[in-house]
């Protein structure tokens, strides 16, 4: 049977560190090894591969052509092993929370809040799962949206919504009156209870304007991406879409007043998982963040 052509994992770890630092001494400090030990490991790898990976000089090292081509494969492989190891075999002092949320919440409002939570709770990792993706186990938490108003009294109530007009900054600056929106494609998200027809009924005659072009799209993130690339406006839920709007460099139109939304987001905890204190803490932090969000 042919012997394996995969080098020692330890050699590859040392190679990765030395390549990133371009210094055997700095790589040694990261790995808690001496510079001489790093040099020996690199030499062993080069001997095994029968190719030099570094050009040595007195104060630094740099990758050869072969080393530069080899590095991305090594780094991707090491990170994949680290990621899968952390996922399947977490350290005992690491606590994981699984959280299901809609695509919009997962792409916009949640990431910034979850990163902040993990920074203040270093031993906690949150697995964010997009709603409707097939999964084999029940999550610890879920953020749901309900079109009814009964969820206002839900103990896990998170936030209500309004609907705002969003577009590219130059387009928003050109809107001085509601009638100016007839110059744009208007994108309606199919799942939203509030759409352009709701807004247009505020302004006499506008709903019947033959110049209006209203198109349906599947999701809010898709509508925002289409705005980014075209001469269009969308009516989107706020503040749920706030961070995605900011990330895409889009702007809310202040000329056209927001429309009160129908429904609320709330947090649902699955009691079968037990009352872990960190889950309650995460719920309270998310609700506090929602209260601090500009609605």
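Numbering (our numbering), first residue to last: 97 to 391. We put the CB at the ideal spot given by N, CA and C, even for glycine. All values reported here derive from a predicted model rather than from experimental measurement.
Extent of the continuous alpha helix (DSSP H) run through residue i
i           : result
residue 355 : Premise fails: residue 355 lies in the beta strand (DSSP E), 355-365, not in any alpha helix (DSSP H).
residue 107 : 105-117
residue 374 : 373-388
Run of the beta strand (DSSP E) containing residue i, from where it starts to where it stops
i           : result
residue 197 : 191-197
residue 243 : Looking at the DSSP string, residue 243 is not in any beta strand (DSSP E), and its letter there is neither H nor E.
residue 259 : 253-264
residue 286 : Counting along the chain, residue 286 falls outside any beta strand (DSSP E), and DSSP gives it neither H nor E.
residue 125 : Residue 125 -> not in any beta strand (DSSP E); alpha helix (DSSP H) instead, spanning 120-127.
Contacts around residue i, its chain only, beta-carbon distance under 7 Å, and the 5 residues preceding and following it disregarded
i           : result
residue 317 : 199, 200, 203, 340
residue 158 : 118, 150, 151
residue 372 : none
residue 97  : Bear in mind that a pLDDT of 40 at residue 97, under 50, signals an unreliable position, so the model cannot answer this.
residue 355 : 258, 259, 290, 294, 295
residue 256 : 357, 360
Other residues of its chain near residue i: CB distance less than 6 Å, five sequence neighbours each side excluded
i           : result
residue 302 : 296
residue 379 : 363
residue 123 : 113, 114, 117, 134
CB-CB length for residue i against residue j, believed under 8 Å
i           : j           : result
residue 174 : residue 112 : 6 Å
Cut-off 8 Å between Cβ atoms - residues of its own chain near residue i, not counting five sequence neighbours on either side
i           : result
residue 109 : 127, 174
**Item:** 4-residue-minimum alpha helix (DSSP H) runs that sit fully inside the segment 129-181, ordered along the chain
**Value:** 131-145
**Request:** Jot down the residue ranges of each uninterrupted beta strand (DSSP E) in the segment 299-356, minimum 3 residues, whole runs only, in chain order.
**Result:** 309-313, 328-334, 346-348
**Prompt:** Taking one C-beta from the segment 233-243 and one from the segment 354-362 each time, how about it: are there three or more such pairs within less than 8 Å?
**Reply:** yes
**Prompt:** Any contact of the segment 326-336 with the segment 213-228, i.e. 3+ C-beta pairs under 8 Å?
**Reply:** no
**Message:** Across the segment 347-358 and the segment 269-285, are there enough close Cβ pairs to call them in contact, namely three or more that are closer than 8 Å?
**Reply:** yes
**Asked** Are at least three pairs of beta-carbons, each pair with one atom in the segment 245-259 and one in the segment 375-389, less than 8 Å apart?
**Response** yes
**Message:** Across the segment 306-316 and the segment 284-298, are there enough close Cβ pairs to call them in contact, namely three or more that are closer than 8 Å?
**Reply:** yes
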